[in-house]
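Residue numbers (this note's numbering): 76 to 235.
All C-beta atoms, glycine included, are put in the ideal place defined by N, C-alpha and C.
Structure record follows, encoded as structure tokens.
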């Protein structure tokens with residue numbers, strides 16, 4: 076249990092620094108955009124409504140984003156660029172970061188332990204498991220790259 080607690084603590088510090096840094100970069104980018112030639116575009120009524128909605132209701136989205144893969148950076152950057160107030164952002168960061176750290180510490184350590192035992196007791200089976208995992212990841216990557224991407228000019232009527 077000490078190993079899980081130590082790993083979770085280290086991951087928690089890492090996620091707080093990474094996500095908080097992403098929020099800060101987003102905040103600075105939003106400040107720069109407000110002072111740039113885009114200032115007119117981002118001061119429209121529609122944009123301001125979206126900004127107020129994110130400031131008010133974005134905290135649950137930030138917290139849940141830590142349970143996803145690939146969305147948490149965007150959520151933290153957007154929260155910063157849309158100037159989510161710190162009293163709303165920080166609790167979401169602390170709760171979501173804690174969930175992320177616990178999940179990765181328990182599941183990640185468990186998976187490493189299983190692989191370690193597999194290699195120690197049955198090396199051939201362990202090597203086969205790693206090979207299957209790598210082939211699966213490669214297959215998914217190849218499938219996603221070869222899948223046709225509809226062009227921006229395509230419409231629903233074109234497909235029918």
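- If you compare the alpha carbons of 150, 87, 156 and 134 with that of residue 100, the shortest gap goes to 156.
- Straight across, the Cα-Cα distance linking residue 104 with residue 185 is about 39 Å.
- The C-beta distance from residue 95 to residue 168 rounds to 6 Å, short enough to meet the 8 Å contact threshold.
- Burial state of residue 218 is exposed, judged by a 10 Å Cβ sphere holding fewer than 16 other Cβ atoms.
- For the beta strand (DSSP E) assignment, the region 119 to 176 encloses no uninterrupted run of at least 3 residues.
- Our two residues, residue 208 and residue 137, have alpha carbons roughly 30 Å apart in a direct line.
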